[in-house]
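A short write-up of the structure that comes next.
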Amino acid sequence: MVKLLNLLDLYPYRVLRETERGKLDVLSPDSVPAGWGVCWVAGVCVLASGRRMPAAFRLDTDAGASLLTVFFKSEMGWVEQG
Numbered sequence: 220m221v222k223l224l225n226l227l228d229l230y231p232y233r234v235l236r237e238t239e240r241g242k243l244d245v246l247s248p249d250s251v252p253a254g255w256g257v258c259w260v261a262g263v264c265v266l267a268s269g270r271r272m273p274a275a276f277r278l279d280t281d282a283g284a285s286l287l288t289v290f291f292k293s294e295m296g297w298v299e300q301g
């Protein structure tokens, strides 16, 4: 899991798309279209204090890009939320 999250952090323009076989496709789309299934994308969360934290979001594009899981990168490494 850490390798996957580090890949997204290092290459934020990449999208990881889960396949039916449990594998991940590494893609570089201009945008993530609806109906692509479950995808992982990189991002940044801005906390109320103004602090910016690298993040990775797992989204279900078949359900209106519903947020499934968020991972934050902290000083201690990646932390799962939700």
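Residues 220 to 301 (this note's numbering) make up the sequence shown, in order.
From the three backbone atoms N, C-alpha and C, an ideal C-beta is built for every residue, glycine too.
Taking C-alpha atoms, which residue in the options lies nearest to residue i?
i, options, result
"F276", "S268, V245, C258 and Y232", "C258"
"L278", "K242, A267 and L287", "L287"
"C264", "R233, D228, V221 and K222", "D228"
In its own chain, which residues sit with a C-beta less than 6 Å from the C-beta of residue i, not counting the 5 before and 5 after it?
i, result
"R290", "According to the sequence provided, residue 290 is Phe. The question's Arg does not apply to it. Same-chain partners within the cutoff: L224, A275, W297 and E299."
"P231", "A261"
"E239", "none"
Leaving out five residues before and five after residue i in sequence, what residues of the same chain have Cβ atoms less than 7 Å from its Cβ?
i, result
"G256", "R236, E237, T280 and D281"
"P248", "V234"
"R271", "V263 and V265"
"M295", "none"
Check whether the Cβ atoms of residue i and residue j lie closer than 8 Å to each other.
i, j, result
"V251", "V245", "no"
"L226", "R233", "yes"
Going along the chain, which residues of its own chain have a beta-carbon closer than 8 Å to the beta-carbon of residue i, five neighbours each way excluded?
i, result
"A253", "T280, D281, G283 and A284"
Can you look up residue i in the DSSP assignment and give me helix, strand or coil?
i, result
"D279", "strand"
Specify, as a first and last residue, the run of the alpha helix (DSSP H) that residue i falls within.
i, result
"L229", "V221 to L229"
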